[in-house]
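In mature numbering (1 follows the signal peptide of the UniProt record, and there is no 0), the protein residues as written are -19 to -1, 1 to 299.
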């Protein structure tokens, strides 16, 4: 096995390797939980400095005006039959997470869930002290068009994230300014609490390695994978590492379709009239190996936490 926590994963032909697992998440006090909120950039005066803070007296938060005009989960182009390369910003909520001032490098993916927040994997940002930049509407990383670029001003790691078991592998990134939810820009839809996607065909997208041991892609890639039950997933090499806040997707018998390094934190989406975020790319054994489907954080188990900790952003209509 090889550790994947230092490397993001996401796409066609990959998943990741696991560390040894334990099963009890650490018990945390409220102070410890809020200690997981890290401010990376000085906040503007009109915004809140942390998730508990109240607006200063005399200041009012700007009312959300996008809801009536924006619909989440709507792609920008029809699916490319038999293709893998994503064109025309088809999934506009798919975000690149980038580090480095002089030589920016892609290290993870994410999903825009409202005009101010990106959902990603906890292992992408756990212990991070570097400035993170989010890029949207840039399907071609070699393009001179930067798309929409925002600095991350705050990281909110799930308070029960366990870096050993990779349980509760989710985090929220607050952007320095809202993303206009107009034209080609829309967030992904969140599922209902405990929504079950078992048996559905899902799409995972990202710029990660195109095969195990290969190179990253300049173009956003996508691949379709079937979501299996957790009971089925426990019958694979993962056994009892799979818990209820996880979700597995992939071809168990043959492999060949999966996320890979560089894709961590990115979206696993299901089309139910609109695209809903079923999972966040988390881990796996290798990339696209048989008997080792990709493992994702099951978003429907975190909806209440997500909404509570991203309430200062404007959500589109579901």
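We put the beta carbon where it would ideally sit given N, CA and C, even for glycine.
The shortest C-alpha to C-alpha distance from residue 153 to any of 297, 250, 50, 246 is the one to 246. When Cβ pairs closer than 8 Å are counted between the two stretches, the stretch 132 to 143 is seen not to touch the stretch 182 to 189, the count staying below three. For residue 45, there is no enclosing beta strand (DSSP E), as DSSP marks it with neither H nor E. The C-alpha of residue 111 is placed about 19 Å away from the C-alpha of residue 144. If you look at residue 276, you'll find it in the beta strand (DSSP E) that goes 275 to 279.
Rounded to the nearest whole angstrom, the C-alpha separation of residue 117 and residue 86 is 15 Å.
Secondary structure of residue 151 (DSSP, three-state): coil. Between the stretch 271 to 278 and the stretch 206 to 220, the count of Cβ pairs shorter than 8 Å is three or higher; the stretches touch.
Closest by C-alpha distance to residue 115, out of 158, 272, 103, 104, is 158. The three-state reading of DSSP puts residue 257 in strand, counting E and B together. For residue 208, the enclosing beta strand (DSSP E) starts and ends at 202 to 209.
Closest in C-alpha terms to residue 109, from the list 99, 80, 130, comes 80. Taking each of 107, 203, 293, 55 in turn and checking the Cα distance to residue 165, the smallest one comes out for 55. Within a 10 Å sphere around the beta-carbon of residue 83 sit fewer than 16 other beta-carbons, which makes this residue exposed. Residue range 284 to 290 is occupied by the alpha helix (DSSP H) that includes residue 290.
Counting C-beta atoms within 10 angstroms of its own C-beta, residue 161 has fewer than 16 neighbours from the protein chains shown and is therefore classed as exposed.
Looking at the DSSP output, residue 296 bridges to nothing.
Annotation for residue 226: no beta strand (DSSP E) segment contains it, and DSSP assigns it neither H nor E. Annotation for residue 103: the continuous alpha helix (DSSP H) segment containing it runs 103 to 106. The Cβ atoms of residue 280 and residue 168 lie no closer than 8 Å to each other.
Within the stretch 133 to 190, the beta strand (DSSP E) runs of at least 3 residues that lie entirely inside it are, in chain order, 152 to 156, 182 to 187.
Using a 10 angstroms sphere on the CB of residue 96, the tally of other CB atoms reaches 16 or more, which defines it as buried. Judged by DSSP secondary structure, residue 93 falls within the beta strand (DSSP E) whose first and last residues are 86 to 93.
With contacts defined by Cβ atoms closer than 8 Å, residue 102 and residue 151 form a contacting pair. For residue 248, the enclosing beta strand (DSSP E) begins and ends at 248 to 252. In the structure shown, residue 213 falls within a helical segment according to DSSP collapsed to helix, strand and coil. Judged by their CB atoms, residue 251 and residue 296 are not nearer to each other than the 8 Å cut-off. Bridge partners of residue 112 according to DSSP: none are assigned.
Bounds of the beta strand (DSSP E) holding residue 78 are 75 to 80.
Taking C-beta separations shorter than 6 Å and ignoring five residues to either side along the sequence, the partners of residue 176 in its chain run 281, following chain order.
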